[in-house]
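Encoded as structure tokens, the structure appears first; notes follow it.
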């Protein structure tokens with residue numbers, strides 16, 4: 108059995124998410140040769156990336172880099188925002204509404220948003236019992252979401268501030284379909300047409316879960332009949348071992364009720380399908396196990412399906428010792444219990460996105476660690492493959508971070524840094540901060556060399572950097588993360 112040390116000096120509240128790394132099918136994108144350039148007058152013009160000559164002389168108070176589809180957001184001296192194309196033609200008019208952009212399947216989705224106070228009817232006034240007055244207004248957001256290429260408006264609403272949950276979280280299902288806001292859309296001539304409603308959760312391999320009252324059904328794209336129907340949520344899991352029935356209660360229990368339960372049970376067959384992909388049936392019988400393994404299973408509180416494998420993950424939370432920990436076992440679809448399994452591209456995350464499984468000992472075995480090391484959060488992002496960001500506290504209580512390669516068993520970046528930011532996971536471009544509150548420098552992990560010699564207060568993944576000029580003034584401008592070239596006078 109493996110023990111995962113979740114926290115030597117960080118606390119874990121609950122395990123709530125699993126991820127299977129995947130990439131959307133790439134769409135045809137433009138090669139952009141234009142970038143915002145900061146002038147001595149502290150405004151921006153768009154210049155050619157090679158010659159640094161202005162593409163057009165129009166100036167802006169702030170400006171973003173262009174999306175791969177050729178659009179950017181700019182701000183004028185009045186504090187108004189607009190979206191422009193590569194010729195600096197305005198495609199979304201200047202207004203006080205802030206604008207966000209996101210590109211999915213070659214389409215540019217935008218969100219315009221402005222906050223304002225709206226007068227309310229008398230029955231919605233907020234009366235202060237301490238006698239300090241009556242609030243007759245509430246904060247609202249005027250939100251518009253649409254597609255730049257076709258000018259299709261997908262949503263236009265005034266939304267109370269606390270209910271503002273519309274975002275640009277569009278997800279590619281395949282090259283012709285997009286999932287957003289609980290619905291499935293088909294793409295045709297740069298427009299979206301809704302083809303499915305009431306989708307509770309999107310799954311891999313073009314599958315999704317629909318909810319109807321307390322029942323759930325699993326569908327596949329372009330199939331009218333469900334793959335599974337009449338599924339109900341449960342926190343109870345039963346297995347037969349010989350003549351004994353082992354019943355686990357409060358399995359995968361969470362603080363807040365999820366949209367889709369982590370266990371779904373078929374009313375007719377009593378087959379159990381498990382989070383995150385609900386793709387295979389949990390075994391009804393344990394066919395092979397030792398006495399100690401059976402004792403372990405009776406204490407199990409976490410059961411997840413390991414995607415693209417015949418295995419399920421069994422976890423027992425260990426309250427012993429000075430650290431919180433999970434112990435693990437595995438069961439396959441035939442009911443065989445095992446202490447360990449091979450390597451799978453599958454991860455379990457906690458509620459804030461920190462890695463829980465594979466655990467630290469699987470990633471960084473004990474023979475490679477320093478004496479008296481304690482471990483904090485472990486992070487891994489899509490494109491990092493076998494690399495993990497690991498936080499360490501040494502015997503002097505100094506906390507640092509390093510980049511560990513679990514396949515090669517080496518430190519790609521030694522744990523000598525206060526913080527490491529991932530800027531481009533696939534090209535292995537990182538921002539390194541040596542000391543707390545210190546500056547960042549660009550680092551190319553493939554060449555093991557710093558990029559340029561400049562340091563910055565912050566570096567964003569789009570190349571926007573922050574430089575502190577003096578105690579009360581900061582400036583922002585763009586750089587080329589791969590060469591260190593700065594786009595400013």
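Residue numbers (my numbering): 108 to 596.
Ideal Cβ positions, reconstructed from N, Cα and C, are used throughout, including at glycine.
Where the beta strand (DSSP E) through residue i begins and ends
| i | result |
| --- | --- |
| residue 216 | 214-226 |
| residue 401 | Premise fails: residue 401 lies in the alpha helix (DSSP H), 398-404, not in any beta strand (DSSP E). |
| residue 138 | Run containing residue 138: none; DSSP gives neither H nor E here. |
| residue 300 | 298-303 |
| residue 307 | 306-309 |
| residue 583 | 580-586 |
| residue 245 | 244-254 |
| residue 540 | 536-540 |
| residue 295 | 290-295 |
| residue 392 | Run containing residue 392: none; DSSP gives neither H nor E here. |
| residue 261 | 260-267 |
| residue 550 | 547-551 |
| residue 314 | 314-319 |
| residue 327 | 322-327 |
| residue 279 | 278-281 |
| residue 533 | From DSSP, residue 533 is part of no beta strand (DSSP E); its letter is neither H nor E. |
| residue 179 | 178-182 |
Proximity to residue i [Cα-Cα], best of the options
| i | options | result |
| --- | --- | --- |
| residue 402 | 365, 422 and 492 | 422 |
| residue 374 | 274, 509, 189 and 338 | 338 |
| residue 187 | 169, 176, 240 and 174 | 169 |
| residue 548 | 588, 410 and 263 | 588 |
| residue 405 | 582, 434 and 386 | 434 |
| residue 351 | 392, 368 and 284 | 392 |
| residue 376 | 348, 195, 398 and 335 | 335 |
| residue 165 | 560, 486 and 153 | 153 |
| residue 558 | 581, 576, 543 and 530 | 530 |
| residue 146 | 159, 365 and 139 | 159 |
| residue 536 | 189, 312 and 555 | 555 |
| residue 501 | 488, 523 and 516 | 523 |
| residue 372 | 397, 353, 355 and 344 | 344 |
| residue 570 | 333, 204 and 592 | 592 |
| residue 217 | 223, 527, 476 and 200 | 200 |
| residue 161 | 141, 561 and 465 | 141 |
| residue 291 | 426, 518, 195 and 316 | 316 |
| residue 409 | 370, 384 and 398 | 370 |
| residue 456 | 448, 467 and 447 | 467 |
Delimiting residues of the alpha helix (DSSP H) encompassing residue i
| i | result |
| --- | --- |
| residue 469 | 467-470 |
Per DSSP, the bridge partner or partners of residue i
| i | result |
| --- | --- |
| residue 345 | 354 |
| residue 273 | According to DSSP, which records beta bridges pairwise, residue 273 is partnered with nothing at all. |
| residue 411 | 420 |
| residue 205 | 220 |
| residue 340 | 371 |
Distance cut-off 7 angstroms: residue i Cβ against heavy atoms of the ligand HEM
| i | result |
| --- | --- |
| residue 505 | With respect to the ligand HEM, the structure shown offers nothing to examine, as it has no ligands at all. |
**Cβ contact (3+ pairs, closer than 8 angstroms) linking the region 446-453 and the region 407-420** = Yes, they touch.
**Asked** Would you call the region 485-494 and the region 504-512 in contact, with 3 or more CB pairs under 8 angstroms?
**Response** With three or more CB-CB distances shorter than 8 angstroms, the region 485-494 counts as touching the region 504-512.
**Asked** Per the contact definition of three or more C-beta pairs closer than 8 angstroms, is the region 273-290 in contact with the region 206-224?
**Response** Cβ pair count under 8 angstroms is three or more, so yes.
**Message:** When you compare the region 258-278 with the region 238-250, are there three or more beta-carbon pairs, one atom per stretch, that lie closer than 8 angstroms?
**Reply:** Taking 8 angstroms as the limit for Cβ pairs, the verdict is that the region 238-250 does touch the region 258-278.
**Item:** Inter-stretch contact at 8 angstroms, needing at least 3 Cβ pairs: the region 436-451 / the region 383-392
**Value:** As far as the Cβ criterion goes, the region 436-451 touches the region 383-392, which means the pair count is three or higher.
**Message:** Extract the residue ranges of the alpha helix (DSSP H) inside the region 448-528, only unbroken runs of 4 or more that lie entirely within it.
**Reply:** Listed in chain order, they are 467-470.
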